[in-house]
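Report on the structure given below.
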Amino acid sequence: MSSDSVEEWQVVRRGKGASRKFRSHQQIASVCPQEQLDVEKFVRRIRDTVSELRAEEFWQQWKNQLLVSTSPSRPSDSIKAGGQQDKDTEATVRQQLECVCYGLGSFSSCVSARYQLSMLLLLLDAADIPLRDCSLYDPAFSVAEKDILRELGLTVLTENEEGKRLATKPTLFYLMHCGKALYNNLLWQNWNPHCLSLVTIIGNCFSGIRERTIERELKRDYSYISKAVDLCEERLLPCPSRLVDVFSDTAIITFPSDRLNKLPSSTWTDSPEPQYQHCSDLEIILKQTPVLDSPETGLS
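Sequential numbering from 1 applies to the sequence shown in full-length UniProt numbering.
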């Protein structure tokens with residue numbers, strides 16, 4: 001993949017929904033061309049970045065917020081009579097977590113994406129999610145990058161799901177600076193109290209998306225984000241100034257079941273699949289049409 005195509009993906013992926021600082025990578029220089037990637041060498045580079053982030057003070061705050069957000073409901077006093085039993089119950093629930101990552105970008109040519117990948121590895125370790133239970137997809141991934149992800153132990157998806165992944169078990173969705181359409185598709189696919197309660201998102205805070213988007217356009221084109229802002233619980237994550245292009249405007253977003261269950265049934269009944277016919281700047285890479293056997297392309 002040429003550097004031009006990588007840059008095109010970054011612009012399409014960021015789009016208007018993100019702050020202007022996400023479009024520019026003046027502070028984050030490009031690294032080695034993908035054609036010259038040494039898989040083992042790059043894996044070591046990623047692990048070095050993981051070690052660097054682990055030593056950062058803000059990582060401990062991310063870890064604590066993640067553990068609070070993914071902790072199971074506390075058992076009743078009768079069940080948790082023994083402290084060890086309570087810990088075992090919590091560990092069992094945490095082990096059931098899986099992770100899905102979309103829109104990471106070309107991490108071999110963009111240092112921001114490499115830091116985001118390294119943060120993902122730290123989060124998986126903190127939440128006791130086995131590496132094989134983390135699935136990634138981005139049409140920007142080169143063959144070499146897919147090899148790197150597999151070498152790390154991660155699972156590379158072969159199909160563009162357009163974010164329409166149904167959560168059938170507790171799932172952490174890692175969606176760093178993705179376009180609004182991807183968040184909207186994910187919410188639509190899980191638009192019921194049971195599935196939403198299983199969803200935890202690490203990505204752009206929805207309240208920030210609402211602030212940056214014209215209200216009538218948000219309600220018309222991204223109605224599920226518009227409605228989810230008032231249903232979710234957001235915990236804004238800290239970001240050091242030197243990594244503002246990498247981690248700013250990031251939150252952990254959850255959907256407390258007690259809050260969802262109090263809503264009227266009409267909240268969930270009218271839920272048509274998003275079409276985006278009014279979006280001239282659609283911030284998502286659509287999957288191939290069945291008519292043309294052509295490579296996936298970004299929409300501008």
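C-beta: ideal position from N, C-alpha, C; glycine also.
It should be emphasised that the depicted structure is a prediction, and the values quoted were computed from it without experimental measurement.
- Between Val244 and Ala144, the C-beta gap is not smaller than 8 angstroms, which leaves the two residues out of contact.
- Taking the C-beta atoms as reference points, Leu260 is found nearer than 8 angstroms to Pro193.
- Straight-line measurement puts the Cα of Arg210 at about 33 angstroms from the Cα of Leu131.
- The count of Cβ pairs closer than 8 angstroms, one atom from the region 167-187 and one from the region 213-226, reaches three, so the stretches are in contact.
- Each residue's CA atom was taken as its position, placing Ser112 and Leu120 some 12 angstroms apart.
- DSSP places Ile202 in the uninterrupted beta strand (DSSP E) bounded by 199-204.
- For a cut-off of 8 angstroms, the C-beta gap from Pro139 to Ile284 is around 10 angstroms, too long to register as a contact.
- Secondary structure note for Leu172: its beta strand (DSSP E) is the uninterrupted segment 171-175.
- Straight through space, the alpha carbons of Tyr276 and Ile202 are spaced by roughly 24 angstroms.
- Of all alpha-carbon atoms in Ser265, Leu122, Ser118, Cys134, the one lying nearest the alpha-carbon of Cys101 is that of Cys134.
- For Ile253, the uninterrupted beta strand (DSSP E) run begins and ends at 250-254, by DSSP.
- The beta carbon of Phe58 lies closer than 6 angstroms to those of Pro238, Pro240 in the same chain, with the five residues before and after it left out.
- Looking at Leu37, Pro72, Thr155, the one whose alpha-carbon comes closest to that of Ser108 is Leu37.
- Counted as a single uninterrupted DSSP element, the alpha helix (DSSP H) harbouring Tyr224 occupies residues 223-228.
- The Cβ-Cβ distance between Thr200 and Thr254 falls below 8 angstroms.
- By a beta-carbon distance limit of 8 angstroms, Val156 contacts Lys146. Their separation comes to about 5 angstroms.
- Boundaries of the beta strand (DSSP E) around Ser135: 134-137.
- Distance from the CA of Arg47 to the CA of Ser118, rounded to the nearest whole angstrom, comes to 7 angstroms.
- Ranking Ser197, Cys232, Leu196, Gln65 by CA distance to the CA of Ser207 puts Cys232 first.
- Counting along the chain, the unbroken alpha helix (DSSP H) around Tyr183 starts and ends at 180-189.
- Rounded to the nearest angstrom, the gap between the Cα atoms of Arg165 and Ser51 is 31 angstroms.
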